[in-house]
Amino acid sequence: MNSFWLHPSLILILGSLLVPLVPAGPMKGWLKKGYLCLIPVLVFARILTMAHGTFGDVHFPGVGLGLSWTLVFGRVDALSNVFGYIMSLMCILGTLYGLHVKDNGQHIAAWVYVAGSIGCIYAGDFITLFLFWELMAFSSVFLIWFRGRRESLGAGYRYLLVHVFGGLALLAGMVWHCNVQGSWAFDESFCNLAVHHATPATYLIMIGFILNAAVPPLHAWLPDAYGEATFNGSVFMCAFTTKTAVYALCRGFAGMEILVPLGVIMALYGVVYAVLENDCRRLLAYHIISQVGYMVAGVGLGTQMAVNGACAHAFAHILYKGLLFMGCGAVLHMTGESKFTELGGLWKKMPWTFVFTLIGGLSISAFPLFSGFVSKSMIVSAGFDEHKYWAGFLLLLASSGTFLHTGLKVPYFIWFGKNKPKPETWDRAAEPPWNMNAAMVIASVLCIFIGCYTPYLYRMLPYPTLAAEYHPYTAYHIFETLQILLFTGLGFFLLLRKLVPDPTISLDMDWFYRKGGRAFYWIARKLVQSVDTFVGELYRYAGLIPLMLTAKVSGLFDNYVIDGAVDGFAESFRAIGRRLRFVQRGQMQQTLAFAFAVAAALVLAFLLLTRWSPLMTLGRTREWLVGTHSTASLSVFQRIDQGRSGMRPYRFYQGLANAPITLRTDGRQPVTRLAAPAQQSVGLKIEAVKTP
Amino acid sequence: MNLAKLIEFLRNRLKAVKLVCITVLVLLAVTDILFVSNDEAHTTAEHFPAFWSIFGFVGCVLIIIFSKWFGHAGIMTREDYYDE
Numbered sequence: 001m002n003s004f005w006l007h008p009s010l011i012l013i014l015g016s017l018l019v020p021l022v023p024a025g026p027m028k029g030w031l032k033k034g035y036l037c038l039i040p041v042l043v044f045a046r047i048l049t050m051a052h053g054t055f056g057d058v059h060f061p062g063v064g065l066g067l068s069w070t071l072v073f074g075r076v077d078a079l080s081n082v083f084g085y086i087m088s089l090m091c092i093l094g095t096l097y098g099l100h101v102k103d104n105g106q107h108i109a110a111w112v113y114v115a116g117s118i119g120c121i122y123a124g125d126f127i128t129l130f131l132f133w134e135l136m137a138f139s140s141v142f143l144i145w146f147r148g149r150r151e152s153l154g155a156g157y158r159y160l161l162v163h164v165f166g167g168l169a170l171l172a173g174m175v176w177h178c179n180v181q182g183s184w185a186f187d188e189s190f191c192n193l194a195v196h197h198a199t200p201a202t203y204l205i206m207i208g209f210i211l212n213a214a215v216p217p218l219h220a221w222l223p224d225a226y227g228e229a230t231f232n233g234s235v236f237m238c239a240f241t242t243k244t245a246v247y248a249l250c251r252g253f254a255g256m257e258i259l260v261p262l263g264v265i266m267a268l269y270g271v272v273y274a275v276l277e278n279d280c281r282r283l284l285a286y287h288i289i290s291q292v293g294y295m296v297a298g299v300g301l302g303t304q305m306a307v308n309g310a311c312a313h314a315f316a317h318i319l320y321k322g323l324l325f326m327g328c329g330a331v332l333h334m335t336g337e338s339k340f341t342e343l344g345g346l347w348k349k350m351p352w353t354f355v356f357t358l359i360g361g362l363s364i365s366a367f368p369l370f371s372g373f374v375s376k377s378m379i380v381s382a383g384f385d386e387h388k389y390w391a392g393f394l395l396l397l398a399s400s401g402t403f404l405h406t407g408l409k410v411p412y413f414i415w416f417g418k419n420k421p422k423p424e425t426w427d428r429a430a431e432p433p434w435n436m437n438a439a440m441v442i443a444s445v446l447c448i449f450i451g452c453y454t455p456y457l458y459r460m461l462p463y464p465t466l467a468a469e470y471h472p473y474t475a476y477h478i479f480e481t482l483q484i485l486l487f488t489g490l491g492f493f494l495l496l497r498k499l500v501p502d503p504t505i506s507l508d509m510d511w512f513y514r515k516g517g518r519a520f521y522w523i524a525r526k527l528v529q530s531v532d533t534f535v536g537e538l539y540r541y542a543g544l545i546p547l548m549l550t551a552k553v554s555g556l557f558d559n560y561v562i563d564g565a566v567d568g569f570a571e572s573f574r575a576i577g578r579r580l581r582f583v584q585r586g587q588m589q590q591t592l593a594f595a596f597a598v599a600a601a602l603v604l605a606f607l608l609l610t611r612w613s614p615l616m617t618l619g620r621t622r623e624w625l626v627g628t629h630s631t632a633s634l635s636v637f638q639r640i641d642q643g644r645s646g647m648r649p650y651r652f653y654q655g656l657a658n659a660p661i662t663l664r665t666d667g668r669q670p671v672t673r674l675a676a677p678a679q680q681s682v683g684l685k686i687e688a689v690k691t692p
Numbered sequence: 693m694n695l696a697k698l699i700e701f702l703r704n705r706l707k708a709v710k711l712v713c714i715t716v717l718v719l720l721a722v723t724d725i726l727f728v729s730n731d732e733a734h735t736t737a738e739h740f741p742a743f744w745s746i747f748g749f750v751g752c753v754l755i756i757i758f759s760k761w762f763g764h765a766g767i768m769t770r771e772d773y774y775d776e
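Those protein sequences? They're chains G and L, same order as listed.
Residues in the first sequence are numbered from 1 upward in steps of one, following this note's numbering.
Residues in the second sequence are numbered from 693 upward in steps of one, following this note's numbering.
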């Protein structure tokens, strides 16, 4: 299909480019705010109107070297549409939440990040998936850096490094897999990656995916980054990276057995760390790991019910986790604090934020009538149906832990508790601006709506008929859930004293690269130092003493001959240095951005040259012509057939006349018309070489 | 500010609130034992009276105790641990 197909990500990317051009002044700022709301709404509308099918194919004919592939930007089906729907909806909510943010960069980074996620979701082949996958990592890191703290700089770099590692694993796996398959298609079928006969390539791709899904031990980037991002950056980040990975797992790894234990471990791992956590946003981040654990386990179970459950839970999760991050983000935005030990008793100042956060907490805990109840239970039921009782019971245990922290610990220690915040924190605390409240109201309403009216969500799932037959509201299920949750509440209040947060941090898997990085530096420093000393000594004995001797001689020469030339050189180097210095002087981010720009330019230049420049095209050689020759030198032109552009001079050889030049061709190209006399007279030798 | 007043109202009557909560818990467990059929149970263990109440309470206590033990076994550390 060659007709133009409007990719929703394109709207976001173009829209983000125009953000700086929309003036913030006119109409009391409403022009800008209107524009910021318009673009995500357009994207949402575009996704609603997309018909199922495959669109946006871009065919790359062989770029000279015989490679050719087709990029598929739009594979629209039930699975991609449910994720596309919720991602674009969350983009509206996230943008509304951060509407008052003046910094254009934050809006641009957030939108490009969402564009990456939506691009992954609609990608129909591995290369497109990979490109958007990396776009997500490289744009979201700015949401961390924009916080502007020293810690956020470090957290951003760690985030980037971990994701580059994951991206490389993914790329290696893709190349390997496609080499075996002979196709780049990230196929529509759910079992494309042959999960029952997994090859090393399959595992590499899986590592790339589960790193983004934050499966332990590849999860430590998540609390590290999300606790350190800007107040609305975290609202975006909590939705997109992990859930895009869940989508990719649904697409390629449904039924991969190993994901069931991994998912269950995740679900409990997040709960354990949440007990210890003192920063409310890091606590929520650990509960993302816990909740994504349910989805990963659902993908591992692989039945239609379980995949439905994974998608439904991702959908519900994006809304309630967004809501929770909005609530805690509002506290951070208004008070400047996110640690439980610095907060407490805020119910007097921010009661509505408390209610919204509580709704998020009840939804994530799967209370009846809230969204988690209708989605989480699908996965647990699928586990029991598959007779994986241990998985079912452990997931239910994790949901007890979820209510313990997100439903009870977060609201209690921020809005109640015995702790008193500092006077300045207390004075700053107030209800957030209207747009933050509006985003929280919409998210809250959606959480309750999904919980009360199940067909809304169930109709969108990949297997809608099966979903329509599933009824979460049975007496047994309601009583099971209520008993687990309310008796967890009893346990919470009985053991309240044990749960009072301490001003500590918890060591996690990031210890290895945070401390390991230092060990690396230490070794590098020691090694470099010893080599440096050795070279210094060597230089002194072997270099310096002879040098002193020759110095006297050359000094004389120097004074008279070289000075003039050297001065000229020095002057030019200084000029180059002056020009280059601005590249190094800026902040690391600027340098990095500059490096990316240069890399992008190089890639572009390569493509342009390989596709259009006659200088690098490997066409059919038609003839070799001797240009000029004399007794001293000769020059030879190779002329090639460029198809429509006709004959063009290709390569130019020059050499001494008496030493024969060897021209090599691959043996298939006819090397004919070189005037025989000329060939002899200049000593030119043409040799056909067989290429493998 | 009505919402804050409501919360204050409840906070001033903490004993009554606690009593209501405990009554709800007892009613929940009793209703489950007397009226809710166990036909949908997946395993035989669930036929134990008020199984899910016990599961919820014991699970919560286990999570707290295990996590705290785990945390104090060297995982929790001072806030400036990575700063030097």
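Cβ coordinates follow ideal geometry from the N, Cα and C atoms, glycine included.
All figures in this text were calculated on a predicted structure; none of them were measured in a lab.
Minimum C-alpha distance to residue i - residue among the options
i: Val-260 (chain G); options: G:Leu-395, G:Gly-336, G:Glu-277 and G:Gly-252; result: G:Leu-395
i: His-197 (chain G); options: G:Ala-599, G:Gly-491, G:Glu-257 and G:Gly-156; result: G:Glu-257
i: Asp-772 (chain L); options: G:Glu-151, G:Leu-96, G:Pro-23 and G:Lys-102; result: G:Glu-151
i: Leu-168 (chain G); options: G:Ala-137, G:Phe-146 and G:Ala-155; result: G:Ala-137
i: Ile-288 (chain G); options: G:Gln-304, G:Gly-300 and G:Trp-221; result: G:Trp-221
i: Thr-454 (chain G); options: G:His-471, G:Gly-489, G:Thr-465 and G:Cys-238; result: G:His-471
i: Lys-243 (chain G); options: G:Met-174, G:Phe-83 and G:His-477; result: G:Phe-83
i: Lys-232 (chain G); options: G:His-177, G:His-317 and G:Thr-95; result: The sequence given here places Asn at residue 232 (chain G); Lys does not occur at that position. For Asn-232 (chain G), the nearest C-alpha among the options comes from G:Thr-95.
i: Tyr-294 (chain G); options: G:Gly-263, G:Leu-14 and G:Ile-505; result: G:Gly-263
i: Ile-318 (chain G); options: G:Pro-8, G:Val-22 and G:Tyr-85; result: G:Tyr-85
i: Leu-48 (chain G); options: G:Ala-306, G:Phe-73, G:Leu-527 and G:Ser-88; result: G:Ser-88
i: Tyr-389 (chain G); options: G:Leu-301, G:Asn-212 and G:Thr-241; result: G:Leu-301
i: Leu-408 (chain G); options: G:Phe-44, G:Ala-274 and G:Arg-75; result: G:Ala-274
Status (buried if at least 16 other CB within 10 Å, exposed otherwise) for residue i
i: Asp-224 (chain G); result: buried
i: His-52 (chain G); result: exposed
i: Val-235 (chain G); result: buried
i: Arg-251 (chain G); result: buried
i: Ser-729 (chain L); result: exposed
i: Thr-465 (chain G); result: exposed
i: Gln-291 (chain G); result: buried
i: Met-27 (chain G); result: exposed
i: Leu-461 (chain G); result: buried
i: His-387 (chain G); result: exposed
i: Ile-505 (chain G); result: buried
i: Asn-278 (chain G); result: buried
i: Ala-239 (chain G); result: buried
i: Val-712 (chain L); result: exposed
i: Leu-17 (chain G); result: exposed
i: Cys-120 (chain G); result: buried
CB contact below 8 angstroms: residue i versus chain G
i: Ile-725 (chain L); result: no
i: His-734 (chain L); result: yes
i: Lys-760 (chain L); result: yes
i: Phe-747 (chain L); result: yes
DSSP bridge partner residues for residue i (one or two, in chain order)
i: Lys-707 (chain L); result: Answer is none; Lys-707 (chain L) lacks a bridge partner.
i: Met-768 (chain L); result: G:Ser-506
i: Lys-339 (chain G); result: G:Asp-279
i: Asp-224 (chain G); result: None, per the DSSP bridge assignment.
Closer than 8 angstroms to chain C by CB, residue i
i: Ala-765 (chain L); result: The structure shown has no chain C; the protein chains it does contain are G and L.
Chain L contact for residue i (CB, 8 angstroms cutoff)
i: Gly-543 (chain G); result: no
i: Pro-503 (chain G); result: yes
i: Ser-365 (chain G); result: no
i: Arg-525 (chain G); result: no
i: Phe-449 (chain G); result: no
i: Trp-347 (chain G); result: yes
i: Tyr-157 (chain G); result: no
i: Phe-356 (chain G); result: no
i: Phe-711 (chain G); result: Residue 711 (chain G) lies beyond the residue range present for chain G, which begins at 1 and ends at 692; the question has no answer from this structure.
Only counting runs of 3 or more residues, tell me where the beta strand (DSSP E) segments fall wholly within the segment 459-536 of chain G, in order along the chain. 504-506
Alpha helix (DSSP H) segments (min. 4 residues) lying fully within the segment 37-100 of chain G: 78-97
Only counting runs of 4 or more residues, tell me where the alpha helix (DSSP H) segments fall wholly within the segment 129-215 of chain G, in order along the chain. 150-181 and 200-212
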